[in-house]
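Enquirer: If you're matching them up, the sequences are chains A and B in order.
Sequential numbering of the first sequence, starting at 1, is according to UniProt numbering.
Sequential numbering of the second sequence, starting at 1, is according to UniProt numbering.
Protein chains: 2
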Amino acid sequence: MTTARQLHLNAFLMNTGHHEASWRLPESDPHAHVELAHYVHLARIAERGTFDSLFLADGPQLWGNLAQRPAGALEPLTLLTALATATEHIGLIATASTSYNSPYNLARKFASLDIISGGRAGWNIVTTAGAEAARNFGLAGEPAHADRYARAAEFLDVSLKLWDSWEDDAIVADKAAGVWGDDTKIHPPRHQGTYFSVEGALNVPRSPQGYPLLVQAGSSEDGKTFAARYAEAVFTAQQTLADAQAFYTDLKSRTAAAGRDPGHIKVLPGIVPVIGSTEAEARANEQVLEDHIVHEHGLRNLQRLLQLEPGTLELDAQLPADLPPEDAIEGAKSRYTLIVELARRERLTARQLIGRLGGGRGHLTFAGTPEQVADAIEEWFRLGAADGFNIMPAVLPSGLDLFVGHVVPILRARGLLRQEYGPQQTLRERYGLPRPANQHASALV
Amino acid sequence: MTTARQLHLNAFLMNTGHHEASWRLPESDPHAHVELAHYVHLARIAERGTFDSLFLADGPQLWGNLAQRPAGALEPLTLLTALATATEHIGLIATASTSYNSPYNLARKFASLDIISGGRAGWNIVTTAGAEAARNFGLAGEPAHADRYARAAEFLDVSLKLWDSWEDDAIVADKAAGVWGDDTKIHPPRHQGTYFSVEGALNVPRSPQGYPLLVQAGSSEDGKTFAARYAEAVFTAQQTLADAQAFYTDLKSRTAAAGRDPGHIKVLPGIVPVIGSTEAEARANEQVLEDHIVHEHGLRNLQRLLQLEPGTLELDAQLPADLPPEDAIEGAKSRYTLIVELARRERLTARQLIGRLGGGRGHLTFAGTPEQVADAIEEWFRLGAADGFNIMPAVLPSGLDLFVGHVVPILRARGLLRQEYGPQQTLRERYGLPRPANQHASALV
Chain A
1 MTTARQLHLN AFLMNTGHHE ASWRLPESDP HAHVELAHYV HLARIAERGT
51 FDSLFLADGP QLWGNLAQRP AGALEPLTLL TALATATEHI GLIATASTSY
101 NSPYNLARKF ASLDIISGGR AGWNIVTTAG AEAARNFGLA GEPAHADRYA
151 RAAEFLDVSL KLWDSWEDDA IVADKAAGVW GDDTKIHPPR HQGTYFSVEG
201 ALNVPRSPQG YPLLVQAGSS EDGKTFAARY AEAVFTAQQT LADAQAFYTD
251 LKSRTAAAGR DPGHIKVLPG IVPVIGSTEA EARANEQVLE DHIVHEHGLR
301 NLQRLLQLEP GTLELDAQLP ADLPPEDAIE GAKSRYTLIV ELARRERLTA
351 RQLIGRLGGG RGHLTFAGTP EQVADAIEEW FRLGAADGFN IMPAVLPSGL
401 DLFVGHVVPI LRARGLLRQE YGPQQTLRER YGLPRPANQH ASALV
Chain B
1 MTTARQLHLN AFLMNTGHHE ASWRLPESDP HAHVELAHYV HLARIAERGT
51 FDSLFLADGP QLWGNLAQRP AGALEPLTLL TALATATEHI GLIATASTSY
101 NSPYNLARKF ASLDIISGGR AGWNIVTTAG AEAARNFGLA GEPAHADRYA
151 RAAEFLDVSL KLWDSWEDDA IVADKAAGVW GDDTKIHPPR HQGTYFSVEG
201 ALNVPRSPQG YPLLVQAGSS EDGKTFAARY AEAVFTAQQT LADAQAFYTD
251 LKSRTAAAGR DPGHIKVLPG IVPVIGSTEA EARANEQVLE DHIVHEHGLR
301 NLQRLLQLEP GTLELDAQLP ADLPPEDAIE GAKSRYTLIV ELARRERLTA
351 RQLIGRLGGG RGHLTFAGTP EQVADAIEEW FRLGAADGFN IMPAVLPSGL
401 DLFVGHVVPI LRARGLLRQE YGPQQTLRER YGLPRPANQH ASALV
């Protein structure tokens with residue numbers, strides 16, 4: 001057994017892959033996004049690769065432009081529950097919005113998934129940018145960024161109260177005496193806040209992990225403040241080693257400043273590996289994908305991402321010089337800045353930028369041999385840029401299959417990744433994190 | 001193959017059984033309510049008995065008095081998703097509240113379960129009585145009964161728009177042309193109503209059934225009006241054949257009056273079968289359960305059900321004569337009337353009433369031999385009181401096991417129940433109901 005610091009791997013699953021044109025490849029199933037068998041297959045590949053977890057992104061709206069790529073998806077908590085029964089070890093991280101859910105319902109769903117999966121549930125906490133989602137929930141437009149984060153913080157506080165509303169030993173099960181549970185070990189939240197009023201205890205006992213692993217992915221100022229306070233794992237999009245190191249250092253020190261152990265927040269940049277047996281083959285594979293992009297769709301999406309009017313951008317011109325600063329953006333702030341900086345740094349035309357974003361929507365795309373991919377991962381891991389990686393294959397299932405078949409063995413040989421899962425562990429244990437104590441139990445000791 | 005009218009059977013699953021003291025029996029697992037394996041076991045027994053469906057009740061609150069019996073439960077949609085992967089044929093009916101959910105989220109979850117289960121999802125639509133639930137969702141107290149039903153009707157209308165927002169052939173999947181979907185086959189609800197505003201299309205394609213089987217269980221005036229308009233199956237508590245016949249006739253004619261085919265609403269009274277190899281053994285089994293009731297808990301619950309102050313009732317006295325009429329009750333109206341009428345008709349003391357309710361909370365408890373149980377079922381079925389039954393075993397899993405092992409073969413021998421499931425069918429097909437057409441597709445034809 002190695003005792004070296006271990007890499008954490010998360011498989012970010014998305015229908016036929018993260019490349020927007022992946023569904024057009026001959027190998028791809030264009031109905032995969034709603035096929036349980038497809039996701040079971042992916043989950044089992046990830047489990048063969050001894051990944052810590054798998055993850056589903058989400059937003060409660062249908063993106064327009066159905067022509068471009070598979071749209072819609074099975075609801076993540078539903079799909080992950082089905083995957084819980086098809087897997088044994090891997091963690092199951094669902095995205096859910098604090099802006100468009102009720103704490104009581106959502107806390108209960110995560111507790112239920114945590115129980116059903118034997119302690120493998122994780123929650124990627126999002127505040128959900130965009131007016132489209134808002135208008136599906138009775139709002140006229142998108143709530144302000146700061147409001148969304150204030151609501152998210154209160155949502156978390158209420159959820160933590162709900163998850164702690166049963167002490168771990170509240171069930172007595174004394175058949176002879178006719179006493180099933182101990183009402184003194186139930187602690188109703190009695191929460192009266194700005195966004196929520198939640199009176200009663202959760203109607204499900206405390207789950208194996210106490211509550212799901214808390215994951216976060218926004219990298220704006222509000223996002224980082226939130227992560228430092230609550231998150232145990234963070235997904236992030238970083239294009240360069242220097243940027244990733246700066247983000248890593250910043251987030252760890254913010255976490256310490258928030259009074260938490262900086263070792264208790266794991267930073268996982270996203271990487272889109274495009275693997276070939278030679279570097280040239282990898283680049284050719286990447287080119288095949290790029291050749292399948294329909295640029296007119298890409299232009300429309302890019303304009304939406306940058307909050308520009310339709311018709312502002314031209315395919316073969318660089319971005320205009322007078323784009324607004326991040327402060328003026330109400331959507332996904334950090335994604336905005338990352339894209340603008342990438343375009344300016346490399347002087348990309350809109351067409352080139354679309355090609356670069358088509359693979360990873362701002363995440364690092366890396367085409368190379370398995371050895372080169374492993375080198376890149378190890379470099380970031382050793383040089384203080386990552387505790388692990390969010391693996392986002394351009395094409396699924398083949399990209400995940402290649403990663404597990406060819407990159408994972410190298411990482412294992414280097415002592416960076418577990419050889420096998422070993423004894424049954426919760427998701428939090430896999431990430432090397434302690435089980436949270438119940439706030440009521442600890443207060444009474 | 002028989003062509004006789006077929007009985008529909010639903011298994012109402014509830015931790016260790018419907019009798020409140022069932023958890024105290026030596027055979028019972030007091031942690032069963034949160035054990036997936038327990039529910040998988042039950043679902044497989046029901047599937048062996050070729051039941052049409054299984055069903056989970058629910059309310060978004062923790063009932064007080066944990067001492068009395070197992071409290072809390074896995075969230076039904078989560079649990080049923082896990083059961084979908086462990087079964088092949090049986091329908092999966094989850095209770096969910098129209099008062100404490102958002103149409104967009106809930107419609108999506110049911111569509112996801114319907115896809116994952118291959119068309120086996122059903123929704124028991126409830127409006128959720130009680131102030132406890134209301135206070136978990138930011139309300140000061142229970143909304144008025146009529147308001148809850150008005151909201152429920154609008155919730156259904158919005159949900160139907162969401163489920164029809166993708167035409168069945170919206171996915172084109174033309175790889176060569178680079179066209180995945182057809183935006184002209186997407187129909188955003190653009191709903192602006194009293195309770196909800198929902199702008200956009202659902203973010204999941206139309207499911208195998210179009211939408212889940214719509215089930216309803218309230219028998220108040222508002223409840224019956226709602227059922228006649230929307231429900232395809234109705235669970236009901238009826239104590240006598242005459243009452244059941246009157247309810248059945250009334251609901252069918254209301255359904256016809258609402259412009260629907262009365263054959264398209266299936267009526268399933270609840271029955272709590274307590275089975276013995278002789279009638280005496282069945283009664284003895286019933287007595288064992290009654291002996292395990294802690295009457296002080298029962299008195300507290302009865303007072304809450306009847307909306308009386310604590311201390312109003314005495315265990316060995318009949319109910320007071322001056323109870324309020326159903327109109328004055330804001331909770332579960334039909335349950336209230338049923339209990340009061342039962343107590344008055346049979347001149348029961350509170351203790352006796354608690355004993356009678358302990359088994360089925362107002363549903364018909366029937367102790368007898370398998371032949372007697374089958375006779376009772378057949379009588380109600382043939383005499384216009386039922387299209388099938390909601391089977392509510394007093395003790396689980398043993399009660400369901402006995403029913404499937406001993407009553408089901410009799411029903412099959414009499415040609416009342418399918419011998420086997422036969423070809424793959426959706427839940428709606430099992431109940432003999434047509435797949436609903438998409439409102440947009442039919443408008444265009």
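Glycine is no exception: its CB is placed at the ideal position from the N, C-alpha and C atoms.
Going by the DSSP bridge assignment, what does A/I293 pair with across the sheet?
Expert: Answer by DSSP bridge pairing: none, since A/I293 is not bridged.
Enquirer: Give a yes or no on whether the minimum CB-CB distance between A/K109 and chain E is below 8 Å.
Expert: Of the protein chains in this structure, namely A and B, none is chain E.
Enquirer: May I have a chain-ordered list of the alpha helix (DSSP H) segments no shorter than 4 residues that lie completely inside the region 93-127 of chain A?
Expert: 103-116
Enquirer: In angstroms with no decimal places, state the Cα-to-Cα distance between B/E379 and B/A256.
Expert: Approximately 25 Å between the Cα atoms of the pair.
Enquirer: Mark B/S253 as exposed unless 16 or more other C-beta atoms lie within 10 angstroms of its C-beta, in which case mark it buried.
Expert: exposed
Enquirer: At the level of alpha carbons, what is the spacing between A/F110 and B/R347?
Expert: 47 Å
Enquirer: Put B/S219 into one of helix, strand or coil per three-state DSSP.
Expert: coil
Enquirer: Quick check: what's the CA-CA separation for A/A258 versus A/R229?
Expert: 6 Å
Enquirer: At a CB-CB cut-off below 9 Å, which residues of chain B make contact with A/R69?
Expert: W180 and G181
Enquirer: B/N301 touches chain A at which residues, Cβ-Cβ below 7 Å?
Expert: Going along chain A, no residue has its Cβ under 7 Å from B/N301, so there is no contact; the nearest lies around 14 Å.
Enquirer: With a threshold of 8 Å between beta-carbons, can B/F55 be considered close to chain A, or not?
Expert: no
Enquirer: At the level of alpha carbons, what is the spacing between B/G384 and B/P320?
Expert: 35 Å
Enquirer: Can you say whether B/R430 is buried or exposed, counting buried as having 16 or more other CB atoms within 10 angstroms of its CB?
Expert: buried
Enquirer: Please look up how many angstroms separate the CB atoms of B/F137 and A/Y104, rounded, as I've assumed it's under 8 Å.
Expert: 6 Å
Enquirer: Taking C-beta pairs closer than 9 Å, name the residues in chain A that B/P205 reaches, listed in chain order.
Expert: Neighbours of B/P205 on chain A, chain order: H31, H33, V34, A71 and G72.
Enquirer: May I ask which residues mark the beginning and end of the beta strand (DSSP E) holding B/I271?
Expert: K266 to I275
Enquirer: How long is the line joining the alpha carbons of A/L433 and A/H89, rounded to whole angstroms?
Expert: 16 Å
Enquirer: Could you pull out every unbroken beta strand (DSSP E) segment of at least 3 residues lying fully inside the region 324-405 of chain B, listed in chain order?
Expert: 364-368 and 388-391
Enquirer: How big is the Cα-Cα spacing for A/A32 and B/A173?
Expert: Distance between the alpha carbons of A/A32 and B/A173 is about 11 Å.
Enquirer: Nearest CA to the CA of B/A374: which residue from B/R356, B/R414 and B/L396?
Expert: When each option's Cα is compared against that of B/A374, the closest is B/R414.
Enquirer: By the three-class DSSP mapping on this structure, what secondary structure does residue 446 of chain A have?
Expert: Nothing can be reported for residue 446 of chain A: it is not among the residues displayed for chain A, which extend from 1 to 445.
Enquirer: Cβ of A/A170 less than 8 Å from any chain B Cβ?
Expert: The C-beta of A/A170 comes closer than 8 Å to at least one C-beta of chain B.
Enquirer: Please report the residue range of the alpha helix (DSSP H) in which B/A256 lies.
Expert: L241 to A257
Enquirer: Do you know offhand how far B/L162's Cα is from B/P30's?
Expert: 40 Å
Enquirer: By the DSSP assignment, the beta strand (DSSP E) with A/I171 in it spans what residues?
Expert: I171 to D174
Enquirer: Which whole-angstrom value is the C-beta distance of A/T81 and B/T249, which I expect to be below 8 Å?
Expert: In fact, because the Cβ distance is near 41 Å, the residues do not count as touching under 8 Å.
Enquirer: Could I get the ranges of all uninterrupted alpha helix (DSSP H) runs contained in the region 20-87 of chain B, with 4 residues as the minimum, in chain order?
Expert: 36-48 and 76-86
Enquirer: Could you tell me which residues DSSP pairs with A/W166 in its beta bridges?
Expert: In DSSP, A/W166 forms a bridge with A/I186.
Enquirer: If contact is defined by three or more beta carbon pairs under 8 Å, each pair taking one atom from either stretch, is the region 41-49 of chain B in contact with the region 151-169 of chain A?
Expert: no
Enquirer: Run the CB neighbour count on B/E20, radius 10 Å, all protein chains shown included, and call it buried at 16 or more, exposed below.
Expert: buried
Enquirer: Looking at the structure shown, is residue 468 of chain A part of a helix, part of a strand, or coil, going by DSSP?
Expert: The first residue shown for chain A is 1 and the last is 445, placing residue 468 of chain A beyond what the model contains.
Enquirer: Beta-carbon within less than 6 Å of A/G193's beta-carbon, same chain only, minus the 5 sequence neighbours each way: which residues are those?
Expert: E154
Enquirer: Compute the distance between the beta-carbons of A/E60 and A/A107, then report whether it is under 8 Å.
Expert: Glu is not the amino acid found at residue 60 of chain A; the sequence shown has Pro there. No; because the gap between Cβ atoms is not below 8 Å, this pair is not in contact.
Enquirer: Any C-beta of chain B sitting closer than 8 Å to the C-beta of A/P60?
Expert: yes
Enquirer: If the criterion is Cβ atoms closer than 8 Å, does the pair A/N124 and A/L54 meet it?
Expert: No, the pair does not count as a contact, with Cβ atoms beyond the cut-off.
Enquirer: Under 8 Å: do the region 300-311 of chain A and the region 363-373 of chain A share three or more Cβ pairs, one atom per stretch?
Expert: no
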